[in-house]
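Just so you know, the sequence shown maps onto residues 2 to 350 in the numbering used here. Heads up, the beta-carbon is just placed ideally off N, CA and C, and yes, glycines get one too. Just so it is clear, the structure is predicted and the values come from calculations on it, not from any experiment. Written out below as structure tokens is the structure these notes cover.
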Amino acid sequence: MSQGAAVPGQVLPAVLGVLAVAGALVWSLRSDPRALRNGVLVVLAVHYLLGLVAVVASRSRVLETVTDVVFLVIGIPVALGLALLPLLLVLDGVLMLRRESRSLGNALSLLAGLSMIGLPVVLVVLIRHENPVTGALAAGLLTAQVCAGLLFLFFAAHTVLYARIARRADARAVIVLGAGLVAGQVPPLLAARLRLAVAAAEERSAPAARVPIVPSGGEGPDEPRAEGVAMAEWLRREGVAPEDVLVEDRARTTRENLRFSTRLLHSRGVPEPYLIVTNDYHAPRAAMLARSLGIDAQAVGCPTALYYWPSAYLREFVAVMVEQRVLLVLSGLTVTGMTGLVWLSLTAA
Numbered sequence: 002m003s004q005g006a007a008v009p010g011q012v013l014p015a016v017l018g019v020l021a022v023a024g025a026l027v028w029s030l031r032s033d034p035r036a037l038r039n040g041v042l043v044v045l046a047v048h049y050l051l052g053l054v055a056v057v058a059s060r061s062r063v064l065e066t067v068t069d070v071v072f073l074v075i076g077i078p079v080a081l082g083l084a085l086l087p088l089l090l091v092l093d094g095v096l097m098l099r100r101e102s103r104s105l106g107n108a109l110s111l112l113a114g115l116s117m118i119g120l121p122v123v124l125v126v127l128i129r130h131e132n133p134v135t136g137a138l139a140a141g142l143l144t145a146q147v148c149a150g151l152l153f154l155f156f157a158a159h160t161v162l163y164a165r166i167a168r169r170a171d172a173r174a175v176i177v178l179g180a181g182l183v184a185g186q187v188p189p190l191l192a193a194r195l196r197l198a199v200a201a202a203e204e205r206s207a208p209a210a211r212v213p214i215v216p217s218g219g220e221g222p223d224e225p226r227a228e229g230v231a232m233a234e235w236l237r238r239e240g241v242a243p244e245d246v247l248v249e250d251r252a253r254t255t256r257e258n259l260r261f262s263t264r265l266l267h268s269r270g271v272p273e274p275y276l277i278v279t280n281d282y283h284a285p286r287a288a289m290l291a292r293s294l295g296i297d298a299q300a301v302g303c304p305t306a307l308y309y310w311p312s313a314y315l316r317e318f319v320a321v322m323v324e325q326r327v328l329l330v331l332s333g334l335t336v337t338g339m340t341g342l343v344w345l346s347l348t349a350a
């Protein structure tokens, strides 16, 4: 069969693939925009769409040339960015440890950058030994890196899409997640959350139906008072009416923030849905946690300092993946299976 006859037969399956995944994505977003499966479906949709573009472009030399140029224009910057990414992560990790406390969470960008630099070296060393054990280990490490990259891509796609959806979410109350106080006062990071909460509440309020704000946070071991109390004081000082501020002052974790705030709102007769306000890197996980608790709430985030964002986002990614047992099991089975197959093939040879 000639190429010209084969290509039209490839177009229909490609179109059907795009429509099927796009339809599944639309259904999933309407069902629950907080679900991580949306990120998986976005990646699949882009994959099928690129395949369709390749098939259509192959029918014309002009279209094929235009497609190649577009892919080069997009691909070269992406390739350069990926090449520089390990170095940028290392530099950011060093800056993070200098400006913030030295902890594992704050060192994640440094560790990620070093692993991306060191893994190719380890793979070369293992492959050079040319035996079944080192070959299988190299295959397992490479497969693990691919699985981790795909999981991160799913999470990143979900984050970008969800941020656009959550901004327009309806809400009958706004819950502000607490953060550490400085000398008993609201620091700039927490003030940014509160300003976003005030703006969100004003956008969703009407003269006959005010949207209350719930500053949520208990007293930490190194804090002189509860975060919720300090946040409420800040809100009233900024002009928010006292009757529009409902203080939650017992929570120690994000889970408790959501549970205790929801109970408080229910006791005051304020029904769901709610809007959760936190920082941008934390919003997707806060929304997923609300989903797991059965709370009808979306989450939005205020901007974070650029140097702080990579480690914080990686920390959120790890925390979300720990809760995604199905994806972890599938990834583990893939790594184990590939390692076993390579070992069997090398021993048979």
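Assumed close pair residue i, residue j - CB separation to whole angstroms, cut-off 8 Å
i, j, result
"Thr68", "Val54", "6 Å"
"Val246", "Ala233", "5 Å"
"Leu90", "Pro274", "The pair is not a contact, with the Cβ atoms about 37 Å apart (cut-off 8 Å)."
"Ala140", "Thr340", "6 Å"
"Asn107", "Arg194", "Contact doesn't hold; Cβ gap of about 20 Å is too wide."
"Glu307", "Thr255", "Per the sequence presented here, residue 307 reads as Leu, with Glu not at that position. Rounded, the Cβ-Cβ distance is 23 Å, inconsistent with contact."
"Val44", "Leu26", "The Cβ separation is near 10 Å, so there is no contact."
Straight-line gap, residue i to residue j (C-alpha atoms, nearest Å)
i, j, result
"Val123", "Thr335", "20 Å"
"Ser367", "Asn39", "Any answer about residue 367 is impossible in this case: the structure gives the chain only from 2 up to 350."
"Ser104", "Tyr309", "13 Å"
"Asp294", "Ala287", "This sequence places Leu at residue 294; Asp is not what is there. Those two C-alpha atoms are separated by around 11 Å."
"Pro14", "Ser59", "15 Å"
"Leu162", "Ala231", "33 Å"
"Trp235", "Cys303", "17 Å"
"Gly76", "Arg316", "28 Å"
"Val321", "Ala349", "40 Å"
"Ala167", "Ala192", "20 Å"
"Gly338", "Ser217", "46 Å"
"Val301", "Arg196", "12 Å"
"Gln11", "Leu50", "13 Å"
"Met117", "Leu127", "16 Å"
"Ala202", "Phe318", "29 Å"
"Val71", "Arg238", "53 Å"
"Val343", "Leu151", "21 Å"
"Val327", "Pro34", "19 Å"
"Leu120", "Arg129", "14 Å"
"Ala351", "Glu249", "No information on residue 351 is available, as it lies outside the stretch 2 to 350 that the chain covers here."
"Leu86", "Gln325", "26 Å"
"Val241", "Asp297", "25 Å"
"Ala145", "Leu138", "10 Å"
"Thr200", "Gly229", "It should be pointed out that residue 200 corresponds to Ala in this sequence rather than to Thr. About 18 Å."
"Ser95", "Leu190", "Note on residue identity: the sequence assigns Val, not Ser, to residue 95. Taking the straight line joining both Cα atoms gives about 21 Å."
"Leu111", "Tyr314", "13 Å"
Residue i, buried or exposed, once every other Cβ within 10 Å from all chains shown has been counted against 16
i, result
"Arg100", "exposed"
"Arg165", "exposed"
"Asn258", "buried"
"Asp223", "exposed"
"Val215", "buried"
"Val22", "buried"
"His48", "exposed"
"Pro285", "buried"
"Ser332", "buried"
"Asn132", "exposed"
"Gln299", "buried"
"Glu220", "buried"
"Ser3", "At Ser3 the pLDDT is 45, less than 50, meaning the model places this residue with poor confidence; the figure from the coordinates comes in the next sentence. Classification for Ser3: exposed."
"Ala6", "With a pLDDT of only 47 at Ala6, under the threshold of 50, the placement of this residue in the model should not be trusted, and no figure is reported."
"Asp171", "exposed"
"Ser346", "exposed"
"Ala113", "buried"
"Glu244", "exposed"
"His283", "buried"
Strand pairing of residue i, partner residues [DSSP]
i, result
"Ser217", "Leu178 and Glu249"
"Asn280", "Cys303"
"Ala209", "Ala209 pairs with nothing; no bridge assigned."
"Tyr275", "Ala298"
"Val183", "Gln186"
Would the segment 153-167 count as touching the segment 206-213 if we require 3 or more Cβ pairs under 8 Å? no
Check whether the segment 215-230 and the segment 180-194 are in contact - that is, three or more C-beta pairs closer than 8 Å. yes
Hey, is the segment 263-279 in contact with the segment 168-177, meaning 3+ C-beta pairs nearer than 8 Å? yes
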